[in-house]
Each structure stands twice: as C-alpha cells, then as structure tokens.
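Numbering (the UniProt record's numbering), first residue to last: 1 to 736. Accompanying notes for the structure given below.
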DNA sequence: AGCACGCCGACT
DNA sequence: GTCGGCGTGCTC
C-alpha cells in the first residue's frame, strides 16, 4: 500500500535529542508502509539526526507547510516488539525523560548511531569445516586465515555489514571464496528447536523445590520476591524455573547488577543449558558482538540472555520469564541521563509481556519487602544454606578503648592468625580505597581538601599522591600544612583505607602468607580481577583485603573468616537509606564466609556494639531489622510509604542554583505534591560546581508521576533554568 | 544537547 | 574598526 501518496498523516518522530517533545515530518520521499519503531534520518535544525517513528498523526501540531520530510528510512520493520514500545512509552511518562533519549539508550550503540542497517540481514558464522580449517591453519592464504579468525573471535553470527570494516577491500570475494569452500555459512534467521533439558544434576532442598513450584505454577504475569540468605541457592532456583520454559521454546532474561559476576553466572547457565543457548552482555564485548546477541535474542535464537541494567531492553521473540538477581543493588538504577530503575521497569515489562518476574536477594530492598507485605509480590523465602554449608558465626568487636594497629584490633589479628594456621583464607572488608581518606596537620588540625570539591583528598601512599575520589584531581603530597599561619611539616594520615590495611598486615611478624588487595587501584586493567579471583580459587592460605568489589556474589570456598574493619560508616549517615545500605552491604560480605563445608566466622569491628543495627548483624537477621527500618520510614513518611523525586541543580555560583530551585518550588501548585528545600546536596561542591536540590514528596508514585509533567513544562520555561544544569531523578536511590 | 544570532570589551 | 565572550532562542 502506498500510504505517502494518499497523505494519510504526518510522522510523529522521537528525535535522538534531549528534548521533551516529538516532531512531525512528512512521510516522503519513500512510499512506505510506515510503522512505529522504525528508525528514520531526519533534517533537524542545521544538521541531521536519527529518530524513531512513534506514530502517524492526522493533524500536525503546526502548519504542515513548515514541515520537513524524512530523509531516509533505515529499517524495513520495527526494531522492537510492541511490548517494548509500551515499556519505553511508560518510562518516558514515569521518569519524565525525553523519549528520543530513552529510545537511544534502549538500542544497541550501532543501531543508535545508525552505523548498521538493521537485521534481518545475512549473518555469517564459521561452519565446522571452517573451524577445522582455522585450526589446521591456512599458511598460503593469510587473508582467508584472518577472515576466519575474525568470525571465530566474534563467536556467533556476525552481520554482513560488519565485514567491510573487518576484512577490508575485497571482502566480497573473500566472503564468496570462503562460502564456496564451505568454511563459512550464512545463518538463516530460523527459530531454534525446542530444547530437551536434562533433569537437574543437583538435588534441591525442600525450600528451593517449593520456590520453584510456586514460580512454575504462575500463569502469565506474576511478581515474586525470592528472599534467600547468602548461599541458599537462588541460582539453582533460577535454573530450574527456566528449564521447562526452554523446552517450550521460550526465553529468559536475567539481569545482574554487576558485570564482574556475569562470568560465574554464565558458566552455570551454560553448563545447564548448553553454551550456544546462553549469552551474556558484559562490558568486554565489542559493539558488533552486542548487536549480534541482541539480534539473536530478537529472533528467538537465544534461550537465556544475561546482562546488566541496560539488557532489560533486549527484545525477546518469545519471552518466558524475567529474573532480577540482587534486586536490592543500587547499580540497577542508572545514575545519569535516563535515570531508570531496571528492577522497577522489569516489573512493568513482565506485566506487558504477561510473564512472571522474579526478584532475588539475600537482603531485599525495603521497597520490595513492602510490596511483599502488601501482597503485591509473592514472598518466597529460602531460610537455609544449600548443601552442607551452615551460616557463619558472627561476633562484634567492641573497638572502644582498644589499641588499634592501623585500624585492626588485636582480637581480629588473633583470629586472622588462627584462620591462616588452619590453612584457610581470610577476607578483610574496608570500603575505602587508598591509604587514608584524609591527611591532617598534627599542629593545627588543617585537612587537605580538594580545591574543587567539598571533600578531603585521599592519600595514596604507593604512588605518593593525594587524589580526589570525586573529581579525579591528583596532586603531590604537600610537604607542610596548608594553613599559612601554621606551615607545620607534621602531616598525618587520618583513618584507614585498603592500602593501609594491606601494609599493616605486611608489617606483622610471622605472617608469611600472600596478601591480595582487591580494589579499583589494585585491579585496574581488564582481566586482572578475574586472574586474582582465579588464584584465590586455588585455595592456598592467603588474606584478601578489598572493597565492595570483593563483596558481590563471588564464591570463595576457602574463606572462613570475614573481618569488617569499620562497620560504623553509614550508621549515622545523612542519607535516609544509609542504614539499609550498611545492613545489606555487611550481610553480603559476611555471606562470603564459610560457603563450603568448613564453618565460617564473621568479625565486625564497631564503636557501637549496642546499636540495634549491630545486634541485627550479629544475629544475621536481615528481616527483623528491615522491619524496624520500614517502621521508621512509615513514621517519617519516606519511601516506600511515599513517593520521592529530586530536582538537582548545579552551577558555578551558589545563588544560581538557589534562585532556580526557589523559582521551581514556586511553580508547584499540585495539592498533593510537597516541595522541600532548596537543600544543599550531600556534597555541596563537586568538580568546581555548587550543587543543591529540591525534594518532592507525594503520597503515591502515580500521583507523583502525573503531577511532575505539567510542573516540568513550567520549569523548562524559567529564565533561571538556563543558568544551571538541572536534572530530575524520580525514585532516587543515591541522593547525589 | 548543538548551533545559530546578538550585543558589549580588548586587540591586529 | 574587528574577534570573540556567552546569554537567549530554536530545532518539525
């Protein structure tokens, strides 16, 4: 049907630009059956941009004579299924972010930038003969050798449009030669045959079996909170829930917070379902590889897709289930640009796809616990560790009036020695990298602060530098106090970081085991973390000193002692989520202890052993303290008992942010919305910019989402808005 | 976000 | 007399 000649309407396009509006274009020059979800190249101001056709409107919002025409249509069909159109539409409304940018972030980079025509196009892969030939080597034909090696490295089907760049001139004849010899084959976009999955090789315990049965019984959309202590075997539950779906040719999408734990998870899925059925979208992939996985998922050729936050937008031909592992983790919330929560959007997507969604965690977010209590989520509990592993013993070390050695108490050092003497491994957790979080003048108390941030600089002893962890500033260590009236040369480190703990341990007599530091400084390059983890798996006695990095999801069977060096940070945090975060973090680290046969021990150093949170940690009781925190939130009217959004502003001068936020507060007229502030941001100055924010409270998330729209329109017109950089964060998790 | 236009200071 | 500062406005 030639729809352009009969002028059925005007194309509504979401241009890839940070603008909260759509634009109309004439549907020339191609006669086309226009469908929402196709990419188009359009004239935009002086330049050209890509955008997405959102729909066809009979009447444009301005004089049709002023409209420009679409320059090019890039795709023969919509890129995403209708469910994802609806999801992105919802996200635009809920987060009040420009639709064009939302689409841009949802698409693989190569499609976002228009560097790749959209599949279905021919994809090439190695045949068995090609693999054999590559093994044997092609000494007389180096180009063919290189060509085969490239496809092998791409692992999977490589779109033909990637070949010119990879193979260079004459790629066509190279392709035809290799194809003629049967070394490479064009992979037909066919659906895979339903898989026959062997029964589970591991016996599940009754808790796990119950959880699997509950999830499998779900018909269509059903949200579950899988609340299982560390080591309770949540992954095994995921595997068994997915297995029968694959036999029905359906697909599973698994989101994890951090790339560092994808390899381990990928291995387990690949071992269960076959490597060719499972793909992980991790940071080590090239853009071409990502696009290949995306296309294969879209065509239904992959059974399981594992990925981080952005993988939520992977199209699935036949979705069967969505799984969000470590659902409490804040990295599921994007912290810049389009600030979405992959966990919250996953629930929306599951509803749109009409499939079950499982949120798994040992330390569920208060939001999810609340949803479970309200009956919105089905609460599945795994209270015991799987296999023979038992939960670790937890002890609190009262630091008050104790002599400390670089932050370590004698009790902890003694336990460390005993652990190593038994031939076991120990893990010390301290969530600060560097040697010390500040340096201080011993004479007058002056602290070396960052010039551009309201924060002290961190001492890095190894490289002998002072660094700001907020803006990246890097200076030599001053020789003397910066106070002009003092100038004393006596500058002393204040507090502890991983580097200091490492050096204190090295200085201990008769402690002849390797000490391995794991933080962003120690394992800077790609693969270094994996290499370190590999070595740890070997099992020889050693001490691991590390930050967050060490805590997430890793399995260290030989670690029997976990020491938390300073649990008090966050106890009296200004952030209302401080306690929830501290509780989750310490319990996640504690969960690394004794995951195999040998029992584990956790020692927590604190100056506040009587604090209820410390008592909860000692009892390893997340649930009870989470209830306490929930009650507090209810009394204070904070999320999840209300909805929160944050208007954040940054400018060169403090008055500019305040003027803007005051103006913004004045524009607010909604009866159910309450503005609080302007308040200085937790870090008042960062990278030379002054920062302040306005908090917006509403009784319900729906009210908030709905009221924010007109308010933002008013804000965008404010003259003061132009003098600041402002962002809106709906459901903020980090308060910036 | 880009990219124009536009009106005021220190320079060849 | 111009080069260029960034305030203001627009992008179908």
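Just so it is clear, CB atoms sit at the ideal spot from N, CA and C, and this is done for glycine as well. These numbers come from a predicted model, not from an experiment.
- In the DSSP annotation of this structure, the continuous segment of the alpha helix (DSSP H) that includes residue 615 starts and ends at 612-618.
- Nearest C-alpha to residue 116 among 288, 513, 666: 288.
- Note on geometry: alpha-carbon atoms of residue 586 and residue 231 lie some 15 Å from one another.
- Between the stretch 325-340 and the stretch 199-208 there are fewer than three C-beta pairs closer than 8 Å, too few to call the two in contact.
- According to DSSP, residue 499 shares a beta bridge with no other residue.
- With 16 or more other Cβ atoms inside 10 Å of its own Cβ, residue 321 counts as buried.
- Going by DSSP, residue 681 is part of the beta strand (DSSP E) stretching over 674-686.
- Judged by DSSP secondary structure, residue 213 falls within the alpha helix (DSSP H) whose first and last residues are 206-216.
- In the DSSP assignment, residue 252 forms a beta bridge with 304, 321.
- With a contact defined as Cβ atoms closer than 8 Å, residue 549 and residue 518 qualify at about 5 Å.
- Excluding residues up to 5 positions away in sequence, 575, 682 lie with their Cβ nearer than 6 Å to the Cβ of residue 735 in the same chain.
- Its chain contains 98 as the residues whose beta carbon lies nearer than 6 Å to that of residue 20, once the 5 sequence neighbours on both sides are disregarded; these appear in chain order.
- A contact is defined here as three or more CB-CB pairs under 8 Å, and the stretch 529-541 fails this definition with respect to the stretch 561-578.
- Contact check for residue 561 against residue 394 fails: the beta carbons are separated by 7 Å or more.
- The three-state reading of DSSP puts residue 258 in coil, since its state is none of H, G, I, E or B.
- Taking C-beta separations shorter than 8 Å and ignoring five residues to either side along the sequence, the partners of residue 471 in its chain run 450, 452, 453, 686, 687, 688, following chain order.
- Residue pairing from DSSP leaves residue 178 without any beta-bridge partner.
- Going by C-alpha positions, residue 272 is about 12 Å away from residue 303.
- Residue pairing of residue 14 in beta bridges, as defined by DSSP: 52.
- Taking 7 Å as the cut-off, the Cβ atoms of residue 324 and residue 255 count as close.
- Nearest in C-alpha terms to residue 421, of all of 700, 79, 590, 541, is 541.
- According to the DSSP secondary-structure assignment, residue 47 is paired through a beta bridge with 44.
- The beta carbon of residue 379 sits closer than 7 Å to those of 225, 227, 372, all from its chain and outside the five residues before and after it, given in chain order.
- Just measuring C-alpha positions, the residue of 513, 506, 567 sitting nearest residue 431 is 567.
- Per DSSP, reduced to three states, the secondary structure at residue 142 is helical.
- Beta-carbon to beta-carbon, residue 297 and residue 251 are separated by about 7 Å, close enough to satisfy the 8 Å threshold.
- Fully enclosed alpha helix (DSSP H) runs of no fewer than 4 residues occupy 701-716 of the stretch 689-717, in order along the chain.
- If you ignore the 5 residues before and after residue 658, its C-beta comes within less than 8 Å of the C-beta of 678, 692, all in its own chain and listed in chain order.
- Bounds of the beta strand (DSSP E) holding residue 726 are 725-730.
- Secondary structure note for residue 356: its beta strand (DSSP E) is the uninterrupted segment 356-361.
- Residue 606: member of the beta strand (DSSP E) spanning 601-606, first to last residue.
- Residue range 622-636 is occupied by the alpha helix (DSSP H) that includes residue 627.
- Around the CB of residue 492, fewer than 16 other CB atoms lie within 10 Å, so the residue is classed as exposed.
- Note: residue 516 is bridge-paired with 544 in the DSSP secondary-structure output.
- Using a Cβ distance threshold of 7 Å, residue 402 and residue 435 do not count as a contacting pair.
- Rounded to whole angstroms, the gap between the alpha carbons of residue 724 and residue 167 is 48 Å.
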